[in-house]
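Going down the list, the protein sequences come from chains U and A.
According to the numbering used here, the stretch in the first sequence is residues 1 to 227, in order.
According to the numbering used here, the stretch in the second sequence is residues 228 to 527, in order.
One structure is given here, and the rest of the page talks about it.
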Amino acid sequence: MESPDKGVRRIGGRKVRISATTLESFRLWSDPDQEWMSEESLIDTIKGKFSPTPKMLVGQAFGRALEKPDRWRVDGGYESFVHDGKGWLGYFFSEEMIRPAMEVFDRRGVFEVKQEKQYLGHTVVTKADQILGTRIHENKTTTSSFDFDKYAQSCQWRFMADMFGASAVQYNVFCITESGDTLKSIEQFTLYPYADMESDLFQLVSEFVSFVQGRRLEEFLQPKVYA
Amino acid sequence: MRIIKATDAIPVEHPVFCIFGQPGIGKSSLGYSAKDPLLLDFDEGAHRAANRKDTLLIKSWADVNEIDRDALAPYSTVTVDTVGRCLDLLALDIIDANPKMGRDGNLTLQGYGALGTRFRGWITKLRAFGKDVVLIAHHKEDKDGDSIIIRPDITGRSYGEVMKSSDFVGFVYMNGKNRYIDFNPTDRWVGKNPANWKPLPIPEIGKAQSFLADLMDKGRAALGSISAESAQITQQVDDWRSAFEAYTTAEECNKALPQVTALTGIVAPQVKKLLMDRAKALKLEWSPQTKAFVELVGAK
Numbered sequence: 001m002e003s004p005d006k007g008v009r010r011i012g013g014r015k016v017r018i019s020a021t022t023l024e025s026f027r028l029w030s031d032p033d034q035e036w037m038s039e040e041s042l043i044d045t046i047k048g049k050f051s052p053t054p055k056m057l058v059g060q061a062f063g064r065a066l067e068k069p070d071r072w073r074v075d076g077g078y079e080s081f082v083h084d085g086k087g088w089l090g091y092f093f094s095e096e097m098i099r100p101a102m103e104v105f106d107r108r109g110v111f112e113v114k115q116e117k118q119y120l121g122h123t124v125v126t127k128a129d130q131i132l133g134t135r136i137h138e139n140k141t142t143t144s145s146f147d148f149d150k151y152a153q154s155c156q157w158r159f160m161a162d163m164f165g166a167s168a169v170q171y172n173v174f175c176i177t178e179s180g181d182t183l184k185s186i187e188q189f190t191l192y193p194y195a196d197m198e199s200d201l202f203q204l205v206s207e208f209v210s211f212v213q214g215r216r217l218e219e220f221l222q223p224k225v226y227a
Numbered sequence: 228m229r230i231i232k233a234t235d236a237i238p239v240e241h242p243v244f245c246i247f248g249q250p251g252i253g254k255s256s257l258g259y260s261a262k263d264p265l266l267l268d269f270d271e272g273a274h275r276a277a278n279r280k281d282t283l284l285i286k287s288w289a290d291v292n293e294i295d296r297d298a299l300a301p302y303s304t305v306t307v308d309t310v311g312r313c314l315d316l317l318a319l320d321i322i323d324a325n326p327k328m329g330r331d332g333n334l335t336l337q338g339y340g341a342l343g344t345r346f347r348g349w350i351t352k353l354r355a356f357g358k359d360v361v362l363i364a365h366h367k368e369d370k371d372g373d374s375i376i377i378r379p380d381i382t383g384r385s386y387g388e389v390m391k392s393s394d395f396v397g398f399v400y401m402n403g404k405n406r407y408i409d410f411n412p413t414d415r416w417v418g419k420n421p422a423n424w425k426p427l428p429i430p431e432i433g434k435a436q437s438f439l440a441d442l443m444d445k446g447r448a449a450l451g452s453i454s455a456e457s458a459q460i461t462q463q464v465d466d467w468r469s470a471f472e473a474y475t476t477a478e479e480c481n482k483a484l485p486q487v488t489a490l491t492g493i494v495a496p497q498v499k500k501l502l503m504d505r506a507k508a509l510k511l512e513w514s515p516q517t518k519a520f521v522e523l524v525g526a527k
């Protein structure tokens, strides 16, 4: 069998530990047509200086309310809290808004499962929202309109499918308004690993590591050492 | 009524295949190679197909509304040719019924919502009638930086509906004098490939009379096998969960460690997480030095 890293340039130097989320940021930044992410912003992400936007915070809060509704229950709905880097912010979601999302949210399986795997000697880490059998379930919340390709082209589901050895990745995308007071739609679909997926991932890791080494950013991608 | 447990496999009896490619490459002919097909000719192009079988000309969505269970009884597969034009007619029907859903001949955001709901409902109905579904689309090339990415030619948000609804998405192309269909997503085209097929050569039309019928059977089997394997793994993980729920001490958790560490595949990370969750519930702490769970002093 042909090695999946065939044709990928082997890179020396310090080994790094990378999250699949950071690799996705790099993939998005690498798109020659994109203008919204600067190199500086990508480097900030690599350095861990990332600050969430208000839209992201609403999405995170909605996701939290769905995952652990009992924890965030208040009169007439749910109020979940997220940290914006400076302090905790509370977001209220009404009962009417959250009920349809709860109905499609499958509570079976194992939640927040971590995994890591070596690619070209570098460690990639990821966390699945939920695994049921051989299927990964990813729950996303967005304030933008639904864009299938945004999810299908992402390397995140590819890394998850490859690292866990999953048979499928099912997405539940909850589309909400920017104000966070209306659930516009729920979009569900399934993506599957494919024949050359692993070599696509080797290629991306190789390109990312070249970028990191070229800018001497390896020190920001080292495993945490606990005393 | 039959309740399917989480640990039972759910067979995918009627998969949806989406096939796209350039005009004239033989997509309609492929559509006719499905099992006992009825081709819904939205594009008025079926007359060009080499191996034409039963065909229903569709001029408006009213024609679609007339297709009921009895009309479809002799057929095993419904081929929608093309799904782009099908969605255009559905959009017109939505605007006719409610002009507020359209603006300048196009659907509003709300209109697209209605389109998605009705399209999904229609596909679900065809599957409930016991039919396999083939969605045929022309291809379009979108510029993505220096490269070109090829997608099914379906306008606006309808594209997402088709990609969501399809279990398999394959691109038909010529390589030299040979036709191929590739279900793999690549940097050149989109795809969905639950069966992990390599690009498949398509025989000449005369020898491809049951090409899609055979492929759909294999696809059905692949989806069934995914479901069966998933059900088996779910059962294994559930067995571990039940065992952990009975644990009350660090000693019991530690005793399970060699077995848990020896697990492989997708079971391993799930069972490890369950054990960590149980240890946390018991207020145990993981000691990296001794590589074991320990009871916190004063925790109980």
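For glycine and all other residues, C-beta sits at the position ideal for the given N, C-alpha and C.
Given residue i as reference, the closest of the options once Cα atoms are compared
i                            : options                                : result
glutamate 479 of chain A     : A:Leu509, A:Val417, A:Thr306           : A:Leu509
threonine 126 of chain U     : U:Lys150, U:Glu112, U:Thr134, U:Phe146 : U:Glu112
leucine 284 of chain A       : A:Ala300, A:Asp295, A:Asp308           : A:Asp308
aspartate 174 of chain A     : A:Lys262, A:Trp513, A:Cys313           : Examination of residue 174 of chain A is not possible in this model, given that chain A is present from 228 through 527 alone.
lysine 286 of chain A        : A:Asp315, A:Ser303, A:Pro264           : A:Asp315
proline 69 of chain U        : U:Phe105, U:Trp36, U:Pro54, U:Ser51    : U:Phe105
glutamine 60 of chain U      : U:His83, U:Gln34, U:Phe50              : U:His83
proline 205 of chain A       : A:Ile408, A:Met443, A:Asp414           : Missing from the structure shown is residue 205 of chain A; chain A here goes from 228 to 527 and no further.
valine 389 of chain A        : A:Asp466, A:Gly372, A:Gly418, A:Gln497 : A:Gly418
threonine 517 of chain A     : A:Leu484, A:Ser457, A:Trp288           : A:Leu484
aspartate 323 of chain A     : A:Val498, A:Ala289, A:Phe244           : A:Ala289
alanine 355 of chain A       : A:Val498, A:Thr304, A:Gly492, A:Arg330 : A:Thr304
proline 52 of chain U        : U:Trp88, U:Ala65, U:Leu66, U:Trp29     : U:Trp88
alanine 318 of chain A       : A:Pro301, A:Arg279, A:Thr306, A:Tyr339 : A:Tyr339
threonine 142 of chain U     : U:Val58, U:Met160, U:Asp31, U:Ser80    : U:Val58
proline 32 of chain U        : A:Glu240, A:Leu511, A:Thr335, A:Lys370 : A:Lys370
leucine 265 of chain A       : A:Ala300, A:Lys391, A:Gly251           : A:Ala300
phenylalanine 159 of chain U : U:Lys140, U:Phe208, U:Asp200           : U:Asp200
methionine 503 of chain A    : A:Ala298, A:Ala448, A:Asn325, A:Val521 : A:Val521
Rounded C-alpha distance that separates residue i from residue j
i                            : j                            : result
proline 421 of chain A       : threonine 475 of chain A     : 42 Å
serine 154 of chain U        : isoleucine 46 of chain U     : 18 Å
phenylalanine 172 of chain U : valine 524 of chain A        : Here the sequence assigns asparagine to residue 172 of chain U, which means phenylalanine is not the residue at that position. Asparagine 172 of chain U and valine 524 of chain A: Cα-Cα distance of roughly 42 Å.
glutamine 213 of chain U     : glycine 85 of chain U        : 28 Å
glutamate 271 of chain A     : tyrosine 151 of chain U      : 34 Å
glutamine 249 of chain A     : asparagine 402 of chain A    : 13 Å
tryptophan 157 of chain U    : leucine 191 of chain U       : 8 Å
alanine 277 of chain A       : serine 256 of chain A        : 6 Å
aspartate 147 of chain U     : leucine 342 of chain A       : 15 Å
glutamine 462 of chain A     : alanine 473 of chain A       : 17 Å
lysine 535 of chain A        : phenylalanine 346 of chain A : A query on residue 535 of chain A cannot be resolved here, the shown segment of chain A reaching from 228 to 527 and no further.
alanine 489 of chain A       : alanine 495 of chain A       : 8 Å
phenylalanine 62 of chain U  : glutamate 35 of chain U      : 28 Å
threonine 182 of chain U     : proline 100 of chain U       : 11 Å
glutamine 459 of chain A     : tyrosine 194 of chain U      : 22 Å
serine 385 of chain A        : glutamine 337 of chain A     : 13 Å
isoleucine 246 of chain A    : glycine 253 of chain A       : 11 Å
serine 185 of chain U        : serine 19 of chain U         : 29 Å
aspartate 129 of chain U     : alanine 65 of chain U        : 14 Å
alanine 227 of chain U       : serine 144 of chain U        : Note on alanine 227 of chain U: pLDDT 49, under 50, position unreliable in the model; the coordinate value appears next. So the alpha carbons of these two residues sit roughly 43 Å apart.
glycine 329 of chain A       : threonine 344 of chain A     : 16 Å
glycine 109 of chain U       : threonine 282 of chain A     : 45 Å
arginine 71 of chain U       : leucine 442 of chain A       : 48 Å
aspartate 44 of chain U      : lysine 434 of chain A        : 58 Å
Exposure label - residue i; buried when at least 16 CB within 10 Å
i                        : result
lysine 445 of chain A    : exposed
aspartate 295 of chain A : exposed
proline 515 of chain A   : exposed
methionine 1 of chain U  : Caution is warranted here: a pLDDT of 49 is assigned to methionine 1 of chain U, below 50, making its placement in the model unreliable, and no coordinate value can be reported.
serine 167 of chain U    : buried
glutamate 187 of chain U : buried
arginine 406 of chain A  : buried
histidine 274 of chain A : exposed
aspartate 263 of chain A : exposed
lysine 507 of chain A    : exposed
Quick check: the segment 370–388 of chain A against the segment 162–177 of chain U, are there 3 or more CB pairs under 8 Å?
Touching, no, given that fewer than three Cβ pairs across the two stretches are closer than 8 Å.
Stretch pair the segment 101–116 of chain U + the segment 196–214 of chain U: three plus CB contacts closer than 8 Å:
With the cut-off at 8 Å, the segment 101–116 of chain U and the segment 196–214 of chain U do not touch.
Taking only runs of the beta strand (DSSP E) that begin and end inside the segment 139–206 of chain U, which ones reach a length of at least 3 residues, in chain order?
Entirely contained in the segment 139–206 of chain U, the beta strand (DSSP E) runs reaching 3 residues are, in chain order, 168–176, 183–191.
Would you list, in sequence order, the uninterrupted alpha helix (DSSP H) runs of no fewer than 4 residues that lie entirely inside the segment 278–329 of chain A?
288–292, 296–299, 310–324, all fully within the segment 278–329 of chain A.
With three or more beta-carbon pairs closer than 8 Å as the criterion, would you say the segment 68–82 of chain U touches the segment 92–99 of chain U?
Taking 8 Å as the limit for Cβ pairs, the verdict is that the segment 92–99 of chain U does touch the segment 68–82 of chain U.
Check whether the segment 379–394 of chain A touches the segment 350–370 of chain A, taking contact to mean three or more Cβ pairs, one atom from each stretch, closer than 8 Å.
Result yes; three or more Cβ-Cβ pairs closer than 8 Å.
What alpha helix (DSSP H) runs, 4 residues minimum, are completely inside the segment 486–522 of chain A?
DSSP runs (the alpha helix (DSSP H)) wholly in the segment 486–522 of chain A: 494–508.
Only counting runs of 3 or more residues, tell me where the beta strand (DSSP E) segments fall wholly within the segment 333–389 of chain A, in order along the chain.
Within the segment 333–389 of chain A, the complete beta strand (DSSP E) segments of 3 residues or longer fall at 359–371, 374–379, listed in chain order.
Contiguous alpha helix (DSSP H) assignments of at least 4 residues, all confined to the segment 422–497 of chain A
Listed in chain order, the complete alpha helix (DSSP H) runs (minimum 4 residues) inside the segment 422–497 of chain A are 438–472, 477–488.
Counting only runs that start and end within the segment 243–273 of chain A, where is the alpha helix (DSSP H) found for 4 or more residues in a row?
For the segment 243–273 of chain A, whole alpha helix (DSSP H) runs of length 4 or above, ordered along the chain, are 254–259.
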